[in-house]
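Comments concern the structure below.
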Amino acid sequence: MSQIAVSGSIARKATLQTLQRITRYTIVRLLTLMVTVVVGIYLTILIANMGGYLDQIRRGEIREGVQARVLADPTLRNLPPEARQKRMEDLIRLEEKRYGLDQPFVIRSFRFLTNALTLNLGRSFQLTSDSGSRQVRLILLERLPATLLLFGVSDLVLFFLALFLGLSLSRRYGSFWDKLTVALSPLSSAPGWFYGIFLIVVFAAVLKIFPFGGMVRIPPPENPFLYALDLLYHLVLPVTAITLSSIFLSVYSNRTFFLIYSSEDYVEMAKAKGLKDRDIERRYVLRPTLPTIITSFALLIIGLWTGAPIFETIFNWPGLGRTLFFAVGLFDVPVIVASTVIYAYLLAITVFLLDFIYAIVDPRVKIGGQERNA
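Whatever position you read off the sequence shown (first residue = 1), add 91 for this note's numbering.
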């Protein structure tokens with residue numbers, strides 16, 4: 092009984108130490124990631140505001156707008172010059188105060204940082220078709236589904252196709268298809284929008300098989316089934332362009348990666364035992380590479396939330412990338428920072444969760460960086 096009690100005490104002590112280690116690691120990791128996110132977002136604010144130079148541009152726009160409004164108002168236009176000028180200056184000061192331009196840039200930058208971290212970024216006065224304004228949160232939520240649809244479908248097709256073909260080529264090292272893939276891998280140096288232009292010219296302008304762009308035709312079909320078909324029809328060219336831009340290099344990378352693991356001693360031992368190739372790939376090749384595969388897939392999913400500005404603009408796709416492209420051109424800082432904040436949070440959460448996922452899928456990994464006792 093004493094030995095059982097001692098064993099139980101040792102087990103409880105080991106469990107307590109493990110929990111303490113995991114808790115300590117979790118707190119330190121969260122604090123480190125949070126500091127990184129804060130620094131990255133603040134740098135984004137400084138860059139988006141051009142170190143305060145954007146304030147001068149905004150003051151000029153405010154002055155021009157107030158002058159135009161004063162000249163368009165008969166009551167103010169007919170005032171004596173001195174009274175009209177005083178009224179104009181008062182209106183300018185009110186507008187600057189409304190935008191917070193009456194305070195130093197450093198104070199406003201930290202206040203903007205606080206609002207950005209809480210996603211309370213107010214309204215955007217640029218990305219609207221009318222003279223009103225809309226909340227930045229609503230603008231992003233409106234365009235998010237289009238980006239998730241396009242890049243979600245494209246990246247999933249690319250990921251699983253590259254994984255399957257890479258695994259298949261690792262079994263056929265030196266074959267014709269293997270050499271062809273290696274030869275075509277430099278084609279992935281061209282971005283997706285380059286292939287997009289090529290596909291639009293060939294299949295939309297010349298052959299007239301697919302549309303030039305857009306998400307659905309105008310006016311869109313009222314029937315849900317026809318709407319879905321039309322959406323898939325418009326997805327063909329952009330999905331093909333994204334796949335072509337990365338498929339050869341991704342297959343070549345996966346093929347090389349699997350070849351390295353296929354030459355391990357335990358794989359050769361499994362072959363000597365007479366195990367089937369499918370069992371060897373699943374248990375002795377794919378299993379040890381799961382952490383790397385999961386990391387690639389997780390980072391791929393994060394990229395869905397940002398879109399691609401040039402790519403979406405070429406295909407006239409109403410997503411976040413196109414919105415960010417217009418926001419940069421219009422100096423719409425709230426939209427730029429909001430996109431960065433969302434990406435930063437997703438990246439930090441993914442990096443944090445990956446440590447625990449690694450420990451689940453690979454018993455060799457232990458949270459906290461300590462080696463497993465023998």
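Where a beta carbon is used, it is the ideal one built from N, C-alpha and C, also for glycine.
Would you kindly report the start and end of the unbroken alpha helix (DSSP H) that includes residue i?
i, result
"N211", "First-last for N211: undefined, no H or E at that position."
"R87", "Residue 87 lies beyond the stretch modelled for the chain, which goes from 92 to 465, so this question has no answer here."
"A274", "F267 to L275"
"F339", "P315 to S353"
"L437", "V424 to V452"
"W284", "G283 to L290"
"V297", "No alpha helix (DSSP H) contains V297, which DSSP labels as neither H nor E."
"G410", "It is not in any alpha helix (DSSP H) - G410 carries neither H nor E in the DSSP assignment."
"D246", "V227 to S261"
Would you decide whether residue i is buried or exposed? Buried here means 16 or more other CB atoms lie within 10 Å of its CB.
i, result
"L162", "exposed"
"F267", "exposed"
"E155", "exposed"
"G287", "buried"
"P400", "buried"
"G412", "buried"
"T238", "buried"
"F203", "buried"
"A465", "Here the model assigns A465 a pLDDT of 37, short of 50, so the residue's position is not dependable, and the following value carries that caveat. That one is exposed."
"S354", "exposed"
"V428", "buried"
"E403", "buried"
"T205", "exposed"
"L438", "buried"
"L298", "exposed"
"D246", "buried"
"L107", "exposed"
"A139", "buried"
"L241", "buried"
"G151", "exposed"
"D368", "exposed"
"V227", "buried"
"I118", "exposed"
"D269", "buried"
"T477", "This structure cannot speak to residue 477, because the chain is shown only from 92 to 465."
"L232", "exposed"
"V424", "buried"
Using only CA atoms, which one of the options lies nearest to residue i?
i, options, result
"F303", "P315, A332 and A281", "A332"
"I451", "I440, R378, G394 and T414", "R378"
"T431", "L170, L210 and G151", "L210"
"M141", "F443, F422, I448 and L444", "F422"
"M306", "L328, T441, P382 and I433", "L328"
"K177", "L247, M360, Q158 and I309", "Q158"
"I392", "T117, Y436, T383 and G243", "G243"
"L185", "L137, L290 and I153", "I153"
"A281", "S337, G420 and A253", "S337"
"G257", "V119, L323, F443 and S344", "S344"
"Q147", "I113, I118, E187 and L182", "E187"
"T386", "W408, L366 and F443", "F443"
"T127", "L208, D181 and V197", "L208"
"G394", "F417, A435 and V419", "A435"
"L445", "R112, L145, Y144 and L121", "L121"
"V292", "M179, I113 and F406", "F406"
"I198", "A174, R160, R168 and L137", "L137"
"Y133", "I183, Y144, F201 and T380", "F201"
"I347", "D356, W284, T380 and E313", "Inspection of the sequence shows that residue 347 is occupied by Thr rather than by Ile. Of the listed residues, the one whose Cα sits closest to T347 is T380."
Take residue i and list the residues in its own chain whose beta-carbon comes closer than 7 Å to its own, dropping the five residues that flank it on each side.
i, result
"R149", "Y190 and L192"
"I300", "F294"
"L249", "I333, T334, S337, I338 and S341"
"I448", "I385"
"A389", "T441 and L445"
"R234", "P409, G410, L411 and T414"
"L124", "A439, V442 and F443"
If I measure Cβ to Cβ from residue i and keep anything under 8 Å in the same chain, skipping five residues before and after, which residues do I get?
i, result
"S222", "Caution is warranted here: a pLDDT of 42 is assigned to S222, below 50, making its placement in the model unreliable, and no coordinate value can be reported."
"L110", "none"
"L350", "S261 and Y264"
"M92", "Because M92 sits at a pLDDT of 49, beneath the cut-off of 50, its placement in the model cannot be relied upon, and the point is left open."
"V358", "Y352, I371, Y375 and V376"
"T168", "Checking the sequence, you will find Arg at residue 168 rather than Thr. Same-chain partners within the cutoff: V161, L162 and R175."
"V273", "Y343"
"L483", "The question about residue 483 has no answer here: the residues shown for the chain are numbered 92 through 465."
Leaving out five residues before and five after residue i in sequence, what residues of the same chain have Cβ atoms less than 6 Å from its Cβ?
i, result
"S279", "S337, F339 and L340"
"S220", "Confidence is the limiting factor: at S220 the pLDDT is only 45, short of 50, which leaves the residue's position unreliable, though a coordinate-based value still follows. Cβ within range, chain order: n/a, list empty."
"A361", "I371 and Y375"
"A32", "Lying before the first or after the last residue shown, residue 32 is absent from the chain, which here runs from 92 to 465."
Inset, instruction - Report the residue ranges of all alpha helix (DSSP H) runs contained in full by the region 359-389; include only those spanning at least 4 residues, in chain order. - result: 368-371
Inset, instruction - Would you list, in sequence order, the uninterrupted alpha helix (DSSP H) runs of no fewer than 4 residues that lie entirely inside the region 106-171? - result: 144-163 and 165-168
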